[in-house]
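These notes are about the structure you will find just below.
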Amino acid sequence: MIKLGDKARDKVSGFAGIVTAKTEWLNIRFQINAQKPKGSKPAAKWFDENQIVRIGGGIKGTKKEHTGGARHARPQRSDPGRV
């Protein structure tokens, strides 16, 4: 199973890099970003799920940050002994 952040390679063209995006329609497609783009060749390409193979773990330990969605606010107390 391929996940975002994994290293992957296209079986047909040999294009390899880090999986950076995923779309799900009637089929599943992944975007692979080349780690070292060469000249004028594109740095990223899209491939069908059954056309790529995982070649290793890629990016690990990504920091999850709050992105601005809804969240519950807790009231702050100035005196911890107060109920």
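Just so you know, we're using my numbering here: the sequence shown kicks off at 140 and counts up by one. Don't be surprised by glycine CBs; every beta carbon is placed ideally from N, CA and C.
_DSSP-derived helix/strand/coil call for asparagine 172_ = Under the three-state reduction of DSSP, asparagine 172 is assigned to strand.
*Ignore the nearest five residues each way along the sequence and tell me which others in threonine 162's own chain have a CB closer than 7 Å to its CB.*
The residues Arg168, in chain order, have a CB closer than 7 Å to that of threonine 162 in the same chain once the five nearest residues on each side in sequence are set aside.
*What whole-angstrom Cβ distance do glycine 197 and isoleucine 141 have, given they're in contact under 8 Å?*
About 10 Å separates the beta carbon of glycine 197 from that of isoleucine 141, a gap too long to meet the 8 Å contact definition.
*asked:* With distance defined between alpha-carbon atoms, name the residue in Asn166, Lys150 and Asn172 nearest to leucine 143.
replied: Minimum Cα distance to leucine 143 is reached at Asn172.
*Which first and last residues belong to the beta strand (DSSP E) in which alanine 147 is found?*
Secondary structure note for alanine 147: its beta strand (DSSP E) is the uninterrupted segment 146-149.
_Cutoff 7 Å; reference glutamine 174; Cβ partners in own chain excluding five residues on either side_ = Answer for glutamine 174: Gly156 and Ile157, listed in chain order.
*In terms of residues, what are the limits of the beta strand (DSSP E) holding glutamate 163?*
Where glutamate 163 is concerned, the enclosing beta strand (DSSP E) stretches over 155-163.
_C-alpha gap between leucine 165 and aspartate 187, whole angstroms_ = Approximately 11 Å between the Cα atoms of the pair.
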